[in-house]
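For reference, the structure is listed below as structure tokens.
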Amino acid sequence: MGVRCSSLASVTTVNNKIRPEETPHEEKKLQTNTPTLSPSFRTETKVESFEDTDEDGNKVERNEAAVMNWVLSRFRNRIRITKITKSYERFIPKEFLAELGKQDIAQLEVGDCVVTNKSVLFCDIRQFTSISERLGEGSFVLLNEMAAIMLAAVRKNSGYVDKFIGDAIVSLFPNTGQAIRAGIQILQELERFNQKHLTHTLWTEVVKVGIAINCGPVIIGTVGDAHRVDGAAFGATINATSELESYTKTYGCPLLITQSAMDQWVAQEKMSPFKHRKMGKIILSGDAVQVYEVLSSNSPANAIVVKHNDGIAYFQCADFVAARAIFEENVTVCPDDAPSQYFLNLCIDYETVGTPHHFKGGARPSLGTNALFNSAMILSSVIFHMKSLSEKTKTNPRILTTDSNSTRNLLQLQANEEKVKKDEKLITWVLSGFNNHHRLDMVQKSGERFVPQNFLEKMGKDSITSVDIGDSLNAVVMFIEIRSFTELSKDITATVRLLNELSALIIPLKFYSEAIIALFPDVSSAITAGKDIGEAMDACNLKRAEESISPIYLGMAIHSGPVVVGTVGDRERMTGTIIGNTVNVASRLSSITKYYGVRFVASDAAIEKLEKESNPAKVVTRLIDHVTFVGKTEAIQILELPSLNTVLAMRKTYEEAFGYYQKREFLTAARTFRRCRDQSPLDRPSQIMMDRCLQYDRDGVPDSWNADGGPCEEPANRYANRVKTRRTSVGYNNPNLQSGLCLGRG
Numbered sequence: 053m054g055v056r057c058s059s060l061a062s063v064t065t066v067n068n069k070i071r072p073e074e075t076p077h078e079e080k081k082l083q084t085n086t087p088t089l090s091p092s093f094r095t096e097t098k099v100e101s102f103e104d105t106d107e108d109g110n111k112v113e114r115n116e117a118a119v120m121n122w123v124l125s126r127f128r129n130r131i132r133i134t135k136i137t138k139s140y141e142r143f144i145p146k147e148f149l150a151e152l153g154k155q156d157i158a159q160l161e162v163g164d165c166v167v168t169n170k171s172v173l174f175c176d177i178r179q180f181t182s183i184s185e186r187l188g189e190g191s192f193v194l195l196n197e198m199a200a201i202m203l204a205a206v207r208k209n210s211g212y213v214d215k216f217i218g219d220a221i222v223s224l225f226p227n228t229g230q231a232i233r234a235g236i237q238i239l240q241e242l243e244r245f246n247q248k249h250l251t252h253t254l255w256t257e258v259v260k261v262g263i264a265i266n267c268g269p270v271i272i273g274t275v276g277d278a279h280r281v282d283g284a285a286f287g288a289t290i291n292a293t294s295e296l297e298s299y300t301k302t303y304g305c306p307l308l309i310t311q312s313a314m315d316q317w318v319a320q321e322k323m324s325p326f327k328h329r330k331m332g333k334i335i336l337s338g339d340a341v342q343v344y345e346v347l348s349s350n351s352p353a354n355a356i357v358v359k360h361n362d363g364i365a366y367f368q369c370a371d372f373v374a375a376r377a378i379f380e381e382n383v384t385v386c387p388d389d390a391p392s393q394y395f396l397n398l399c400i401d402y403e404t405v406g407t408p409h410h411f412k413g414g415a416r417p418s419l420g421t422n423a424l425f426n427s428a429m430i431l432s433s434v435i436f437h438m439k440s441l442s443e444k445t446k447t448n449p450r451i452l453t454t455d456s457n458s459t460r461n462l463l464q465l466q467a468n469e470e471k472v473k474k475d476e477k478l479i480t481w482v483l484s485g486f487n488n489h490h491r492l493d494m495v496q497k498s499g500e501r502f503v504p505q506n507f508l509e510k511m512g513k514d515s516i517t518s519v520d521i522g523d524s525l526n527a528v529v530m531f532i533e534i535r536s537f538t539e540l541s542k543d544i545t546a547t548v549r550l551l552n553e554l555s556a557l558i559i560p561l562k563f564y565s566e567a568i569i570a571l572f573p574d575v576s577s578a579i580t581a582g583k584d585i586g587e588a589m590d591a592c593n594l595k596r597a598e599e600s601i602s603p604i605y606l607g608m609a610i611h612s613g614p615v616v617v618g619t620v621g622d623r624e625r626m627t628g629t630i631i632g633n634t635v636n637v638a639s640r641l642s643s644i645t646k647y648y649g650v651r652f653v654a655s656d657a658a659i660e661k662l663e664k665e666s667n668p669a670k671v672v673t674r675l676i677d678h679v680t681f682v683g684k685t686e687a688i689q690i691l692e693l694p695s696l697n698t699v700l701a702m703r704k705t706y707e708e709a710f711g712y713y714q715k716r717e718f719l720t721a722a723r724t725f726r727r728c729r730d731q732s733p734l735d736r737p738s739q740i741m742m743d744r745c746l747q748y749d750r751d752g753v754p755d756s757w758n759a760d761g762g763p764c765e766e767p768a769n770r771y772a773n774r775v776k777t778r779r780t781s782v783g784y785n786n787p788n789l790q791s792g793l794c795l796g797r798g
């Protein structure tokens, strides 16, 4: 007797084996062999009835329809598992799973790691921050076009993208030659991209990138907790690559590689179509490293490679006269060659004033060094220890059960197995269908640790399968930064404890650096979250003090303005990211909390938005200073959200002093700020402002000073601009962060 039912495709039994007859067109897109059902479902086997128990415990007889319901469920679950797995592979690369010896994300555990030698490529879009400010949400179109170029080049050369960081990517390759070819291909495709857009669109700017390549040991693994896991590559090799990329701006060249990458490249490829030239030694992760520029085949600089290397040799020997003569000749031959002009200027400077103490025979230290991986070396070591730590504290993965009726049906099927021996193959199939139900749950739950549900909700998506490239929304930003993380984390054992304590409090992020971004629907929620985090951190520090452990300090900042959150990548690899000027300002504000010695600040824009909210949080603020960040023209008011009673008590006195300061009554202002300091001796803003007023009274004000904006303070901006913002993948909604959406930040 045949069994018929209505479903999605057709399956028949041939030689007692069940196989698909036809797969619908829409499932072929998944490129899998997942069997499905259709109205023409047939099987040559018979399914006898069996006894079961209803909800009241009464025995009832079930027929083959019950079995077929399981059959249908099995196929639906297999299809669903395949779709979800494919969708999550866009966020968690299959190459990453392969590195760890895992078949899918359900097998990943916190602390899984492997050490392997890789070539690392770091590619960053130049000046994307200013571009995104002008384009707004349209910047995602540009970003995804650029991502498509990068991803295509990486895949073609056997690499894979480890992570997206806003407008940058980090890619891993088996060897340096493949990484270099990918870098050259990116530059060539970018040239075509610019020609196309400058010719056929209203786009009037040339898009440029900086590419850095390094090789060495890389730790690939997972960090996080049972609820939020991040997988990425860590280590000094990646850290140095990130730093090297910032020097592409210094030299004015698009592609730099380290000495270790050069050695591997030469050993692997005796004959290369690409020439290279020395760029001297620079400091990367504390070490002096020889670096090289790799030139594309059509670069005008190919004509001066030999002369350039001679000039670098003289330069490294501090023979600036001889070096200058060579670089002057090179500039004559290639007027647009930025490295030749750069070294010519250095020779002139060093001839006049002598070499600086940091001179290593190369460029000056880069002021734009990426802060993204400044703690990656420590964190990479932590991954090793997280594995052993997780073995002690690990909880078993939760498997959600099906409804009770379904479970009883399965048990009854097993109990009646003797009655349906003729249908053993089909029953095995049904049992695997039940396992698929658990498998579906495991895949979904495991995936949500990497791509949280609240990210999907913020994007207006009901599942991971519906996320597409370029989806975006608007939100409000809060930055949280761990201070002195590098110093705190020198002790690996202490670092493991530190990260676990922070994970319980505020770290629902990817462990790229010592900071996170949180997105909120309103300022009130952000302020409440900040207060909760501060209180939790105080309690944590009290416990650490009892055990004679160094305290943890945070810097938090809130800023309001246009923010675009969305996805970037292509159909095979994507991530969530955030771009916009609001993020950059929030990042700078969080950085200068360290300079001013305060924990929690907000911009005037955020406070103005708070006052317009329907149910605003009740807060007391103190105006600390006005700062005009480098590259900006408008001043931003920095307002502290104080928690110390001593600070609250002298708040009015501080505001009075600041009023004198704005009126250029610096001596009176200094005396009033001194009163604030006397009331609260540990209040650093009072000390800073008092010293500044005394200096201005003595030496006069700088040309950039004005009553509204104040000066573009060099010490404050050193902190603010040291941090180069990298927007990264989306985290989960930690209870301490109220309704905020968290994103990793480098």
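In my numbering, each number is its position in the sequence shown, counted from 1, plus 52. Quick reminder that beta carbons are idealized off the backbone N, C-alpha and C, glycines included.
Check whether PHE379 and GLU403 have beta carbons under 9 Å apart:
no
Determine the extent of the alpha helix (DSSP H) in which THR36 is found, giving its start and end residues.
It is not possible to answer for residue 36, since the shown part of the chain is limited to 53 through 798.
Answer yes or no: do ALA313 and LYS215 have a C-beta to C-beta separation smaller than 9 Å?
no
Taking the C-alpha atoms as reference points, what is the distance between ARG244 and SER351?
15 Å
I'd like the span of the alpha helix (DSSP H) that includes PHE411, first residue to last.
Per DSSP, PHE411 belongs to no alpha helix (DSSP H) and is neither H nor E.
Grouping DSSP H, G and I as helix and E and B as strand, with all else coil, what is CYS399?
Reduced to three states, the DSSP call for CYS399 is helix.
For VAL259, tell me which candidate among ARG178, LEU398, LEU691 and ARG207 has the shortest Cα-Cα distance.
ARG178
Those residues which DSSP pairs with LYS215 across a bridge:
VAL222
Name the residue from LEU641, GLY413, SER223 and ASP743 whose alpha carbon lies nearest to the alpha carbon of ALA375.
GLY413
What residue does the alpha helix (DSSP H) around LEU357 start on, and which one ends it?
This sequence places Val at residue 357; Leu is not what is there. Where VAL357 is concerned, the enclosing alpha helix (DSSP H) stretches over 357-368.
Between the C-alpha atoms of GLU26 and LYS333, what's the straight-line distance to the nearest angstrom?
Residue 26 falls outside the range modelled here, since the chain spans only 53 to 798, and no answer is possible.
Can you give, in chain order, each stretch of the alpha helix (DSSP H) that sits fully within the segment 271-318 and has at least 4 residues?
288-303
Does the structure place the segment 569-585 close enough to the segment 658-676 that three or more beta carbon pairs sit under 8 Å?
They touch, by the three-pair rule.
How many angstroms separate the CA atom of GLU708 from the CA atom of ASN636?
31 Å
ALA687 by DSSP, collapsed to three states: which one?
coil
Out of PHE411, ARG596, ALA365 and HIS360, which has the shortest C-alpha to C-alpha gap to SER392?
HIS360
Quick one: grab the DSSP three-state call for GLU380.
helix
Could you have a look at ARG736 and say whether DSSP puts it in helix, strand or coil?
helix
For the 8 Å Cβ check, are there 3 or more pairs between the segment 226-236 and the segment 290-301?
no
Quick one: residues in its chain with C-beta nearer than 8 Å to the C-beta of GLN368, no 5 flanking neighbours on either side, listed in chain order?
GLY332, LYS333, GLY413 and GLY414
Which two residues bound the contiguous beta strand (DSSP E) that contains LYS664?
Run containing LYS664: none in the beta strand (DSSP E); it sits in the alpha helix (DSSP H), 656-664.
Which term fits ARG750, buried or exposed, when burial requires 16 or more other beta carbons within 10 angstroms of its beta carbon?
exposed
Output needed for GLU257: all residues of its chain with C-beta closer than 6 Å, excluding positions within five of it in sequence on either side, in chain order.
none
Backbone CA spacing between MET608 and TYR303 [nearest angstrom]
34 Å
Residue burial classification, ASP315 (beta-carbon count within 10 angstroms, cutoff 16)
Per the 10 Å Cβ criterion, exposed.
If you draw a straight line from the alpha carbon of PRO694 to that of ALA264, how long is it in whole angstroms?
If you draw a straight line from the Cα of PRO694 to the Cα of ALA264, it is about 43 Å long.
Are THR228 and CYS267 close, meaning C-beta to C-beta below 9 Å?
yes
Check whether the Cβ atoms of VAL753 and ARG716 sit closer than 9 Å, and answer yes or no.
yes
Near ILE610, what residues of its chain come up, given a Cβ to Cβ distance below 6 Å and the 5 sequence neighbours on each side ignored?
MET530, ALA578, ALA654 and ALA658
Excluding the 5 residues flanking ILE272 on each side, which residues of the same chain have their C-beta closer than 6 Å to its C-beta?
Excluding sequence positions up to five before and after ILE272, its CB lies within less than 6 Å of the CB of GLU151, VAL166 and ALA285, all in the same chain and listed in chain order.
The alpha helix (DSSP H) that contains ILE644, what's its start and end?
Where ILE644 is concerned, the enclosing alpha helix (DSSP H) stretches over 633-648.
Rounding to the nearest angstrom, what Cα-Cα distance links CYS728 and PRO306 in this structure?
51 Å
Over what stretch of residues does the beta strand (DSSP E) that includes VAL346 continue unbroken?
339-346
Could you tell me the boundaries of the beta strand (DSSP E) in which ALA609 lies?
606-611
Check the Cβ-Cβ distances between LYS330 and every residue of chain B, and say whether any is below 9 Å.
Judged by its chain identifiers, the structure shown contains no chain B, having just a single protein chain.
Where GLU257 falls: helix, strand or coil (DSSP):
coil
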